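**Q** These protein sequence lines are chains A and B, in that order.
So the number in the numbering used here is just where the residue sits in the first sequence, counting from 1, plus 590.
So the number in the numbering used here is just where the residue sits in the second sequence, counting from 1, plus 590.
Virtual Cβ for every residue (Gly too), placed ideally from N, Cα, C.
From a predicted model like this one, the values you see are computed outputs, not experimental measurements.
One structure follows; several queries about it will come next.
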Amino acid sequence: MDHPILMPQLGNEIEEAQIDGWLKSVGEHVEAGEQLLTVTTPKLTLEIEAPVAGTLKAILVEADELAAVGATLGIIEA
Amino acid sequence: MSTTPARRLLRLVAHGGAGQPIVLVHGFGADRLAWLANLGALTEAGAGAIFTLDLPGHGQETLVERSFVELAETLAATLAAAELRGCAIVGHSLGGAVALVLAATRPDLVRALVLIAPAGLGQGVDSEFLAHLPELAAPEEAEALLHRLVSRPRLIGKPMVTGLLRHLAGGDRRAALRRVAAILAEDQASVRDAVAQVARSALPRLVIWGAADRINRPDAAALQDFGGQLEIVPDAGHLPQVESATLVNNTILGFLVA
């Protein structure tokens with residue numbers, strides 16, 4: 591089953607953030623809670639964790655691109 | 591009691607959530623957007639109504655306050671004007687010290703304290719860090735200083751470095767931060783008094799500290815005297831709420847909902 595990796599809610603003032611870099615590659619196994627990527631704003635850089643264990647099936651937003659809050663950044667196949 | 595020379599109110603930003611207020615107070619050199627790793631989890635958990643603000647001398651706020659008591663008075667006036675009573679105050683570093691003084695001077699406004707690496711309860715905020723941050727000019731220098739905050743360099747992205755330098759370049763922000771640094775250095779007695787007063791009280795309190803904090807190292811004896819719940823976050827530096835966001839969010843929620 592496919593699980594989306596979502597850009598988290600960042601409060602009511604920030605609507606998008608830039609992907610800083612992926613820490614995993616497509617095809618790699620990830621554990622639930624493992625850090626998958628960093629996203630960054632001019633104020634803070636944060637890590638996004640895998641919502642479930644599985645295989646990173648797709649990266650939909652590459653490094654240096656912007657993504658909106660709630661956007662699907664990648665897919666994990668559990 | 592001193593009186594703030596030009597009484598004003600800080601701008602409170604509401605992030606949603608319902609119930610008793612939870613007010614997040616950032617650290618030195620940061621602003622209300624320092625809580626981006628926490629706002630989603632805290633709001634969605636339904637633990638309360640979440641608010642952020644910029645401390646005087648930070649973000650969009652100027653600085654007229656000259657002491658921790660005056661900083662706490664401005665925060666108290668802001669909360670009272672918004673009719674936020676029974677607040678849980680989550681304070682990081684400098685914000686933790688302001689939260690402590692607020693709890694000691696205006697206990698009617700505070701129902702619980704969450705203190706993350708608070709100034710006044712550790713071994714002292716690194717004076718070189720406080721002196722250096724307002725003077726930063728070169729990106730490499732800013733990046734190196736910010737790296738001291740965290741255990742993993744990847745948590746300091748390039749936009750964060752340029753964002754800080756752009757902020758410092760505006761108006762009299764460097765001068766304001768120098769004056770905040772002076773309050774941190776010279777008004778430690780106010781925070782010590784507040785720590786002693788809160789320690790004697792029944793106020794529910796949670797202290798969170800990164801085990802690898804290099805900016806304000808934890809002081810085991812002071813923490814024991816202070817009492818309350820203590821969470822030492824392994825492998826985290828001075829920003830455990832960012833470095834171990836899930837653990838810290840869950841710890842805060844567990845404490846506030848209990």
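Does DSSP put Pro-830 (chain B) in a helix, in a strand, or in coil?
**A** Looking at Pro-830 (chain B) - three-state DSSP - the assignment turns out to be helix.
**Q** Can you list, in chain order, the stretches of the alpha helix (DSSP H) that have 4 or more residues and sit fully within the stretch 727 to 763 of chain B?
**A** Taking only runs of at least 4 residues, the alpha helix (DSSP H) segments lying wholly in the stretch 727 to 763 of chain B are 729 to 737 and 748 to 758.
**Q** Find out if the Cβ-Cβ distance for the pair Arg-782 (chain B), Gly-710 (chain B) is shorter than 8 Å.
**A** Cβ atoms of Arg-782 (chain B) and Gly-710 (chain B): closer than 8 Å.
**Q** Per DSSP, what kind of secondary structure is Gly-844 (chain B) in: helix, strand or coil?
**A** Helix.
**Q** Taking only beta carbons into account, state which residues of the stretch 598 to 622 of chain A come closer than 7 Å to chain B, listed in chain order.
**A** Correct list: Pro-598, Gln-599, Leu-600, Gly-601, Asn-602, Glu-603, Ile-604, Gln-608 and Asp-610.
**Q** Measure the CB-CB distance between Ala-637 (chain B) and Val-847 (chain B) and report whether it falls below 8 Å.
**A** In contact: Ala-637 (chain B) and Val-847 (chain B) (Cβ atoms closer than 8 Å).
**Q** For Ala-732 (chain B), collect the residues of the same chain with a Cβ closer than 8 Å to its Cβ; drop the 5 residues on either side in sequence, then sort them by chain order.
**A** The answer, listed in chain order, is Leu-726, Val-751, Leu-754 and Leu-755.
**Q** When the cut-off is 8 Å and only beta carbons count, does Leu-645 (chain B) lie next to chain A?
**A** It does not; no Cβ of chain A falls within 8 Å.
**Q** Going along chain A, which residues have a C-beta under 7 Å from Val-832 (chain B)?
**A** Within chain A, the residues near Val-832 (chain B) are Leu-634 and Leu-636.
**Q** Pick out the complete alpha helix (DSSP H) segments inside the stretch 636 to 664 of chain B, 4 residues or longer, and give them in chain order.
**A** Entirely contained in the stretch 636 to 664 of chain B, not one alpha helix (DSSP H) run reaches 4 residues.
**Q** Using the C-alpha atoms, what's the distance from Pro-729 (chain B) back to Ala-811 (chain B)?
**A** Going from the Cα of Ala-811 (chain B) to the Cα of Pro-729 (chain B) covers about 38 Å.
**Q** With DSSP collapsed to three states, give me the class of Glu-821 (chain B).
**A** In this structure, Glu-821 (chain B) counts as strand in the three-state DSSP scheme.
**Q** Identify, in the order they occur along the chain, each residue of the same chain with its Cβ nearer than 7 Å to the Cβ of Ala-648 (chain A), setting aside the five sequence neighbours on each side.
**A** The answer, listed in chain order, is Val-616, Gly-664 and Ile-665.
**Q** Could you please give me the residues that DSSP links to His-682 (chain B) through a beta bridge?
**A** Note: His-682 (chain B) sits in a beta bridge opposite B:Ile-706.
**Q** Who are the near neighbours of Asn-839 (chain B) in its chain, counting only those whose CB is closer than 7 Å to its CB and skipping five residues on each side?
**A** Cβ neighbours of Asn-839 (chain B) beyond the five flanking positions: Asn-628, Ala-631 and Leu-632.
**Q** Between the Cα of Pro-656 (chain A) and those of A:Val-642, A:Pro-632, A:Ala-622 and A:Met-591, spot the shortest distance and give me the residue it belongs to.
**A** For clarity, residue 656 (chain A) is Leu in the given sequence; the question names Pro instead. Leu-656 (chain A) has its Cα closest to that of A:Pro-632, out of A:Val-642, A:Pro-632, A:Ala-622 and A:Met-591.
**Q** Give the residues from the stretch 597 to 615 of chain B that approach chain A closer than 7 Å (Cβ to any Cβ), ordered along the chain.
**A** Under the 7 Å Cβ criterion, the stretch 597 to 615 of chain B contributes Val-603, His-605 and Gly-606.
**Q** Spatial neighbours of Leu-614 (chain B) within its chain, please: CB distance less than 6 Å, with the 5 preceding and 5 following residues excluded, ordered by chain position.
**A** Cβ within range, chain order: Trp-625, Thr-642 and Val-680.
**Q** Taking C-beta pairs closer than 8 Å, name the residues in chain A that Glu-634 (chain B) reaches, listed in chain order.
**A** The contacting residues are Gln-599.
**Q** I need the DSSP call for Leu-769 (chain B), collapsed to helix, strand or coil.
**A** Note on residue identity: the sequence assigns Arg, not Leu, to residue 769 (chain B). Helix at Arg-769 (chain B).
**Q** Can you tell me whether Met-591 (chain B) is buried or exposed? The criterion is at least 16 other CB atoms within 10 Å of its CB, across all chains shown.
**A** Here Met-591 (chain B) scores only 49 on pLDDT, less than 50, and its place in the model should not be relied on; the value that follows carries that caveat. So Met-591 (chain B) ends up on the exposed side.
**Q** Do Val-770 (chain B) and Gly-685 (chain B) come within 8 Å of each other at the CB atom, strictly closer than that value?
**A** No, the Cβ-Cβ distance between Gly-685 (chain B) and Val-770 (chain B) is not below 8 Å.
**Q** Under 7 Å between beta-carbons, which chain A residues line up against Gly-844 (chain B)? List them in chain order, please.
**A** The contacting residues do not exist; Gly-844 (chain B) stays about 17 Å from chain A at best.
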